[in-house]
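Here is the structure we will look at, set down as structure tokens.
Protein chains: 2
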Amino acid sequence: MLRMSTLFLRTLREDPADAEVASHRLLVRAGYIRRAAPGIYSWLPLGLKVLAKVEAIVREEMDRAGGQEVHFPALLPKEPYEATGRWTEYGPGIFRVVDRKGGDYLLAPTHEEVFTLLVKDLYSSYKDLPLTIYQIQTKYRDEARPRAGLLRGREFIMKDSYSFDLTDEGLDESYQAQRDAYVRIFDRLGLEYVIVTATSGAMGGSKSEEFLSPTEIGEDTYVRSPGGYSANVEAVTTPVPAPIDWTDAPAAHVEDTPDTPTIATLVDLANASHPRPDSPWTAADTLKNVVLALTAPSGERSILVVGIPGDRDADMTRLEAALAPHGVEAATDEDFARHPELVKGYIGPGALGPQARPAGVARGDEADGAIPYLLDPRIVPGTRWITGADAPGRHVFELTAGRDFIADGTIEAAEVRAGDPAPDGSGPLELARGVEIGHIFQLGRKYAAALDLRVLDENGKQQVVTMGSYGIGVTRSLALLAENNNDELGLRWPIQVAPYQVHLVATGKDQAVFDAAEALAGDLEAAGVEVCYDDRPKVSPGVKFKDAELIGAPFILVVGRGLVDGTVELKTRATGGSEALPVDDAAATVARAVREALA
Amino acid sequence: MLRMSTLFLRTLREDPADAEVASHRLLVRAGYIRRAAPGIYSWLPLGLKVLAKVEAIVREEMDRAGGQEVHFPALLPKEPYEATGRWTEYGPGIFRVVDRKGGDYLLAPTHEEVFTLLVKDLYSSYKDLPLTIYQIQTKYRDEARPRAGLLRGREFIMKDSYSFDLTDEGLDESYQAQRDAYVRIFDRLGLEYVIVTATSGAMGGSKSEEFLSPTEIGEDTYVRSPGGYSANVEAVTTPVPAPIDWTDAPAAHVEDTPDTPTIATLVDLANASHPRPDSPWTAADTLKNVVLALTAPSGERSILVVGIPGDRDADMTRLEAALAPHGVEAATDEDFARHPELVKGYIGPGALGPQARPAGVARGDEADGAIPYLLDPRIVPGTRWITGADAPGRHVFELTAGRDFIADGTIEAAEVRAGDPAPDGSGPLELARGVEIGHIFQLGRKYAAALDLRVLDENGKQQVVTMGSYGIGVTRSLALLAENNNDELGLRWPIQVAPYQVHLVATGKDQAVFDAAEALAGDLEAAGVEVCYDDRPKVSPGVKFKDAELIGAPFILVVGRGLVDGTVELKTRATGGSEALPVDDAAATVARAVREALA
Chain R
2 MLRMSTLFLR TLREDPADAE VASHRLLVRA GYIRRAAPGI YSWLPLGLKV
52 LAKVEAIVRE EMDRAGGQEV HFPALLPKEP YEATGRWTEY GPGIFRVVDR
102 KGGDYLLAPT HEEVFTLLVK DLYSSYKDLP LTIYQIQTKY RDEARPRAGL
152 LRGREFIMKD SYSFDLTDEG LDESYQAQRD AYVRIFDRLG LEYVIVTATS
202 GAMGGSKSEE FLSPTEIGED TYVRSPGGYS ANVEAVTTPV PAPIDWTDAP
252 AAHVEDTPDT PTIATLVDLA NASHPRPDSP WTAADTLKNV VLALTAPSGE
302 RSILVVGIPG DRDADMTRLE AALAPHGVEA ATDEDFARHP ELVKGYIGPG
352 ALGPQARPAG VARGDEADGA IPYLLDPRIV PGTRWITGAD APGRHVFELT
402 AGRDFIADGT IEAAEVRAGD PAPDGSGPLE LARGVEIGHI FQLGRKYAAA
452 LDLRVLDENG KQQVVTMGSY GIGVTRSLAL LAENNNDELG LRWPIQVAPY
502 QVHLVATGKD QAVFDAAEAL AGDLEAAGVE VCYDDRPKVS PGVKFKDAEL
552 IGAPFILVVG RGLVDGTVEL KTRATGGSEA LPVDDAAATV ARAVREALA
Chain H
2 MLRMSTLFLR TLREDPADAE VASHRLLVRA GYIRRAAPGI YSWLPLGLKV
52 LAKVEAIVRE EMDRAGGQEV HFPALLPKEP YEATGRWTEY GPGIFRVVDR
102 KGGDYLLAPT HEEVFTLLVK DLYSSYKDLP LTIYQIQTKY RDEARPRAGL
152 LRGREFIMKD SYSFDLTDEG LDESYQAQRD AYVRIFDRLG LEYVIVTATS
202 GAMGGSKSEE FLSPTEIGED TYVRSPGGYS ANVEAVTTPV PAPIDWTDAP
252 AAHVEDTPDT PTIATLVDLA NASHPRPDSP WTAADTLKNV VLALTAPSGE
302 RSILVVGIPG DRDADMTRLE AALAPHGVEA ATDEDFARHP ELVKGYIGPG
352 ALGPQARPAG VARGDEADGA IPYLLDPRIV PGTRWITGAD APGRHVFELT
402 AGRDFIADGT IEAAEVRAGD PAPDGSGPLE LARGVEIGHI FQLGRKYAAA
452 LDLRVLDENG KQQVVTMGSY GIGVTRSLAL LAENNNDELG LRWPIQVAPY
502 QVHLVATGKD QAVFDAAEAL AGDLEAAGVE VCYDDRPKVS PGVKFKDAEL
552 IGAPFILVVG RGLVDGTVEL KTRATGGSEA LPVDDAAATV ARAVREALA
């Protein structure tokens, strides 16, 4: 039994200055966590109790799905991560350590490499497969902007599992078993989620889905269609229109377009000076060329131009996903200064891509001076555009894709908008925000090939193993539970993860009240109920209730004035409802309520 | 139920090349751990199960002793460790990390500072005390020589607890409560231990005791006397003899002593050329001056000379404890070259200490060129010595301490020998070796003062809190359990920490045997017994027995040829004994045996 008189806890009436979101605010105020450094938290007794319950649910479902628990070091040598290229790809996103002998180590952000090597170390035959192993372990990422308390930290707990199969069908089955386990885990945690198609990013591999918990404060945007399509906005593909016959298209013509620094001013000028007979020009008729600076993991900087319809903005998140592991930002004045062929405000395809490149020079080879050029998928052959003429104050009209300009390829760079068609034809998209709580990947053979994990198949031939990788943010899930379950008074934990089930409050100064409460606490404990007893003698009822509500256990049991009439009061934190119970069978009644709530 | 057919395990018949000690050898061979890097290990499913049992025992006893569990980050900012001086004192012994913004961090080897700051953060009154909080957490030390598997690693698990009290008496009580808990923990683990007086080393503080597990492979040496004295050899103090009146002592005289490079040759020459009437000279009559190079945590190097009786060696371990946080090594030729006053082989007090220092120059200030000089406590005023005369080929006889030379102080530098008197007069010492599994400290007010942890006392006055710090090596304790419980066949776990209780082996190819074994495994599980069932169909009985013995569960239950007669065989791993059991009530009998063994 916890006792408030001795529990290592200090609740705060004020919000911490650095807390932007409710979970951060309340977990600190209610004494679950304390900040130790940016993105790094200490766990107080109450926090640790919730964490243990979340971990237990994750562990049970991993075991039920046939996973076997192992535990890897957090501090790992560079070599395996070098073999897969990730030592470099992670760039500044990981913590690196040099030991006293000069050896390079990292604090692992994820463990694909060493799981792969461990299986290679132990197993050698198809008979050993399939295998799924997992760990619940502390992970590290040197986030540029740690924020929102536990939601984006630098030291955090993840469950990561890895599956090993001989065949693609086997991988499908292992993937599905983990997916099913995730559904059970989040259902049991009482955490709302959507499963969306995702990109693989720096992990590599093919199929990938995310479990996102819908919330306004989420950093991820996802889409859904009425027909059941759902995807992270990073993974949305644009339906490609059919090419248009350009036989009768007018020739391109360059026009003076003074004072048109924006798409809006350009469209106004076009309609005023060069009107189109059938319909006015709109921003959708313009081709905007966005100049980006890429930073390779090695630190090398290069320029890329992306062409998108002028009525859409470039989406940096989608660009980052499309260009990973490169970093992406808008080009700076210095970048422009190094590329005088880019006439700011009047950039057109003439200075870009393969047509600006001497014959025989490959794409992406900047040594020839030509800047790589990628187009939004909507810019198909035959589409006609107003775009820059690569000269100050001049634009070109009716510039026709395929006929007048070509690019090095396509890229998903433009924003996705509500109402855009789903790529599978299942209707218009709607957008929402969420936080990633789980991510499952079919890695395929990338890591096994890089680290030479092979087994003998039934015919005695060496086969590269195919792998899956599956993560759950454990501390992040806990934070989301706090984020989704609170009100103006404090936290309202679902009973399955609450630090304890019943918060027993003794009010007033009457020793009989404290004696009765003490007895009741003992009876509840004996009935298997987790109790925190507020036995503080000189604390006012108001303070005790405030603490109980802030901490957020599902039931608050009050022993006070009603005792003279033989009753105690049971409050339900989630509903705010309360009822008087006869004190004599209060323990039995409350124990039953707890059991029912848990069922 | 574990099944050998799917358990993530590969037992090895060969010892790993790098394994020096039994625990390391067997934990790797039996599939409990795998090396990930020097001193850094991954935990396989069986290892994790043993670890969980060890942790559970530690946790239960900490809770029973009133400890409250918390959890701190491993990655911590420099500042608190700078405030106590340990950021520098640790020197190369810790892993340091720089984050993307240039902030300095460390992977914490122990957490005094941040526990202190957390209590300061939350508590402010004497009413909040006493408080004991603990964690079971991954710790990091960049050991110069990681060795012996889990016994001296660089990433390892510790239980560390910290007590906070207002008064010295309170600290005594908190210390005793932890000490009692440690006794219960090691008793429950079945781990033999001795409790010895220890030095506080870099931790600071006053009273300190170690729990050492006696073993030949231990790096620590400890002493015991018949009267109950026990101490780490580092903490043994030498009884100081009474000073001797030198009124009638002969004058010192310098003699030629050619070809006396060793104490033995010097004693021989002394007896041949300068015999003493009452008794022959022995090595105990010579004063050996040992030249040491110290390295401060800042990296600064300095010279110290230590004088000890010539019949004893200097003990580097005792010197390191005495001189911490400085590093100590024998002076090199380069060090000698910088100090021409040190005539190698003929160094005497004449060139050393305060008498070689101009008046008014403080000890330890090397700027004046005088080398600090410390003496073994046996060298009391009036003792007479043969020692170097600071000239090649010459020694001085009858040099009398106090009369002819003085030093800057005393130091415990000489080896402790079996038969030496205990400092408390409780008889002659005997020596043994052990491994430190627990260490408890009365830190006192060092950390609280450095970090300004104060509370209001009953009179409304600010008082600095007094603290204790208490550690248990969790993974090291597990390794010692393996070290102490094995034979030529493999591990022999005490049942309370075994990965499972019964290893059920089905032998032969008869399907009836496998059916019976499967049913028996189910019955055992239903009876609450932890079972690993070796269900592998095409593996020979010999291999199965070897694996069972290597893995080391306390009971091995064999279903095989006896089944036609209605019997199975129960083997006890610890004794090697076996008995036939009727198959029909085998589950009940084995469950009873397990319960009895656990009791």
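Those sequence lines, one after another, are chains R and H. According to the numbering used here, the first sequence holds residues 2 to 600 in order. According to the numbering used here, the second sequence holds residues 2 to 600 in order. Every residue gets a Cβ at the ideal spot worked out from N, C-alpha and C, and that includes glycine.
| query | Roughly how many angstroms separate the alpha carbons of residue 413 of chain R and residue 379 of chain R, rounded to a whole number? | reply | Numbered from its first residue, the first sequence carries residue 413 of chain R at position 412. Numbered from its first residue, the first sequence carries residue 379 of chain R at position 378. C-alpha separation (whole angstroms): 10 angstroms.
| Within chain R, the residues that residue 58 of chain H reaches when beta carbons sit closer than 9 angstroms | Stepping through the second sequence from its first residue, residue 58 of chain H is reached at position 57. In chain order: nothing, as chain R lies at least about 17 angstroms away.
| request: Could you tell me whether the Cβ of residue 463 of chain H comes closer than 8 angstroms to any Cβ of chain R? | output: As a position in the second sequence, residue 463 of chain H is number 462, starting the count at 1. Chain R contact via Cβ: absent.
| query | For residue 463 of chain R, is the classification buried or exposed, using 16 other Cβ atoms within 10 angstroms of its Cβ as the cut-off for buried? | reply | Counting from 1 along the first sequence, the entry for residue 463 of chain R is found at position 462. Classification for residue 463 of chain R: exposed.
| query | CB-CB under 7 angstroms to residue 598 of chain H, same chain, minus the five flanking residues each way: which ones, in chain order? | reply | Taking the second sequence and counting its residues from 1, the one referred to as residue 598 of chain H is at position 597. Within the same chain, residue 598 of chain H has close Cβ partners 496 and 555.
| Of the residues H:215, H:467 and H:351, the one placed nearest residue 408 of chain H, counting alpha carbons only | The count along the second sequence starts at 1 and reaches residue 408 of chain H at position 407. Ranking the options by Cα distance to residue 408 of chain H, first place goes to H:351.
| query | Leaving out the 5 sequence neighbours to the left and right, which residues in its chain are closer than 7 angstroms to residue 582 of chain H when beta-carbon positions are compared? | reply | Position 581 of the second sequence, counting from 1, holds the residue named residue 582 of chain H. Cβ within range, chain order: 568, 569, 571 and 590.
| Does any residue of chain H bring its CB to less than 8 angstroms from the CB of residue 44 of chain R? | If you number the first sequence from 1, residue 44 of chain R lands on position 43. Yes, residue 44 of chain R lies at the interface with chain H (some Cβ there is under 8 angstroms from its Cβ).
| Quick one: Cα of residue 9 of chain R to Cα of residue 502 of chain R, how far? | Indexing the first sequence from 1 puts residue 9 of chain R at position 8. Indexing the first sequence from 1 puts residue 502 of chain R at position 501. Taking the straight line from one Cα to the other gives about 18 angstroms.
| Contact residues within the stretch 424-435 of chain H, judged by C-beta distance below 8 angstroms to chain R | none
| field | Member of R:226, R:125 and R:49 whose CA lies at the smallest distance from the CA of residue 11 of chain H | value | Locating residue 11 of chain H in the second sequence gives position 10, counting from the first residue. Among R:226, R:125 and R:49, the Cα nearest to that of residue 11 of chain H belongs to R:125.
| One or two residues paired with residue 134 of chain H in a DSSP bridge | As a working note, residue 134 of chain H is residue 133 in the second sequence. Residue 134 of chain H is bridged to H:69 and H:163.
| field | Per-residue DSSP class, three states only, for residue 303 of chain R | value | Within the first sequence, residue 303 of chain R is the residue found at index 302, counting from 1. Residue 303 of chain R falls in the strand class under three-state DSSP.
| task | Ignore the nearest five residues each way along the sequence and tell me which others in residue 421 of chain H's own chain have a CB closer than 6 angstroms to its CB. | result | Translated into positions along the second sequence, residue 421 of chain H becomes position 420. Answer for residue 421 of chain H: 430, listed in chain order.
| task | Name, in chain order, the residues that DSSP records as bridge partners for residue 433 of chain H. | result | Residue mapping note: residue 433 of chain H aligns to position 432 of the second sequence, counting from 1. DSSP lists H:223 as partners of residue 433 of chain H.
| query | Expressed to the nearest angstrom, what Euclidean distance is found between the alpha-carbon atoms of residue 198 of chain R and residue 209 of chain R? | reply | Sequence index remark: in the first sequence, residue 198 of chain R carries index 197 (1-based). Sequence index remark: in the first sequence, residue 209 of chain R carries index 208 (1-based). Whole-angstrom Cα-Cα distance: 6 angstroms.
| Close beta carbons around residue 100 of chain H, own chain, < 7 angstroms, minus the five adjacent residues each side | Here residue 100 of chain H refers to the residue found at position 99 of the second sequence. 106, listed in sequence order.
| Does the distance from the C-beta atom of residue 456 of chain H to that of residue 45 of chain H stay below 8 angstroms? | Translated into the one-based positions of the second sequence, residue 456 of chain H becomes position 455. Translated into the one-based positions of the second sequence, residue 45 of chain H becomes position 44. Not closer than 8 angstroms, so no.
| query | Who are the Cβ neighbours of residue 217 of chain H in its own chain at under 8 angstroms, not counting the five residues just before and after it? | reply | Within the second sequence, numbered from 1, the residue matching residue 217 of chain H stands at position 216. The answer, listed in chain order, is 434.
| said: So, under 8 angstroms CB-CB, residue 492 of chain R and residue 480 of chain R are touching, yes? Tell me the CB distance rounded to an integer number of Å. | reply: Working through the first sequence from its first residue, we reach residue 492 of chain R at position 491. Working through the first sequence from its first residue, we reach residue 480 of chain R at position 479. With 8 angstroms as the limit, residue 492 of chain R and residue 480 of chain R do not qualify as a contact, their Cβ atoms being about 11 angstroms apart.
| Looking at C-beta atoms only, is the number of pairs between the stretch 69-77 of chain R and the stretch 110-122 of chain R that lie closer than 8 angstroms three or more? | yes
| Do residue 163 of chain H and residue 116 of chain H have their C-beta atoms within less than 8 angstroms of each other? | The count along the second sequence starts at 1 and reaches residue 163 of chain H at position 162. The count along the second sequence starts at 1 and reaches residue 116 of chain H at position 115. A contact, by the Cβ cut-off of 8 angstroms.
| task | Check each residue of the stretch 60-76 of chain R: if its Cβ is closer than 9 angstroms to any Cβ of chain H, include it; give the result in chain order. | result | 67, 69, 70, 71, 72, 73, 74, 75 and 76
| query | In this structure, does DSSP put residue 196 of chain R in helix, strand or coil? | reply | The sequence position of residue 196 of chain R within the first sequence is 195, counting from 1. Strand at residue 196 of chain R.
| Helix, strand or coil: how does DSSP classify residue 489 of chain R here? | Mapped onto the first sequence, residue 489 of chain R falls at position 488. Coil.
| 7 angstroms Cβ shell around residue 539 of chain H - same chain, five flanking residues per side excluded | Locating residue 539 of chain H in the second sequence gives position 538, where the first residue counts as 1. Once the five neighbours on either side are set aside, residue 539 of chain H has no close Cβ partner at all.
| Contact under 8 angstroms by Cβ, residue 293 of chain H with residue 308 of chain H | For this step, residue 293 of chain H is matched to residue 292 along the second sequence. For this step, residue 308 of chain H is matched to residue 307 along the second sequence. Not in contact: residue 293 of chain H and residue 308 of chain H (Cβ atoms no closer than 8 angstroms).
| field | Sequence ranges, beta strand (DSSP E) only - wholly within the stretch 255-335 of chain R, length at least 3 | value | 288-296, 302-310 and 328-331
| said: So the candidates are R:561, R:395, R:509 and R:400; which of them puts its Cα closest to the Cα of residue 385 of chain R? | reply: Locating residue 385 of chain R in the first sequence gives position 384, where the first residue counts as 1. Considering only alpha carbons, the answer is R:400.
| task | Note down, in chain order, each residue of its chain lying with its Cβ closer than 7 angstroms to the Cβ of residue 314 of chain H, except the 5 sequence neighbours on either side. | result | Counting from one through the second sequence, the residue named residue 314 of chain H turns up at place 313. Result list for residue 314 of chain H: 416, in chain order.
| task | Starting from the Cα of residue 102 of chain H, find the closest Cα among R:265, R:186, R:214 and R:147 and give me that residue. | result | Your numbering for residue 102 of chain H matches position 101 in the second sequence. Closest option to residue 102 of chain H, Cα to Cα, is R:147.
| Taking just the CA atoms, how far does residue 32 of chain H sit from residue 5 of chain H? | Within the second sequence, numbered from 1, the residue matching residue 5 of chain H stands at position 4. Within the second sequence, numbered from 1, the residue matching residue 32 of chain H stands at position 31. If you take the alpha carbons of residue 5 of chain H and residue 32 of chain H, they lie about 12 angstroms apart.
| query | Taking Cβ-Cβ distances shorter than 8 angstroms, what residues in chain H pair up with residue 93 of chain R? | reply | Numbered from 1 along the first sequence, position 92 holds the residue referred to as residue 93 of chain R. Simply 101.
| request: May I ask which residues mark the beginning and end of the alpha helix (DSSP H) holding residue 358 of chain H? | output: Against the second sequence, residue 358 of chain H aligns to sequence position 357. No alpha helix (DSSP H) contains residue 358 of chain H, which DSSP labels as neither H nor E.
| query | Which residue's Cα is closest to the Cα of residue 458 of chain R: R:561, R:448 and R:128? | reply | Within the first sequence, the letter at position 457 stands for residue 458 of chain R. With distances taken between Cα atoms, residue 458 of chain R lies closest to R:128.
| field | Own chain residues within Cβ distance below 6 angstroms of residue 423 of chain R, not counting five before or after | value | By 1-based counting over the first sequence, the position of residue 423 of chain R is 422. If we look at residue 423 of chain R and ignore the five residues flanking it on each side, its Cβ neighbours are 226, 230 and 430.
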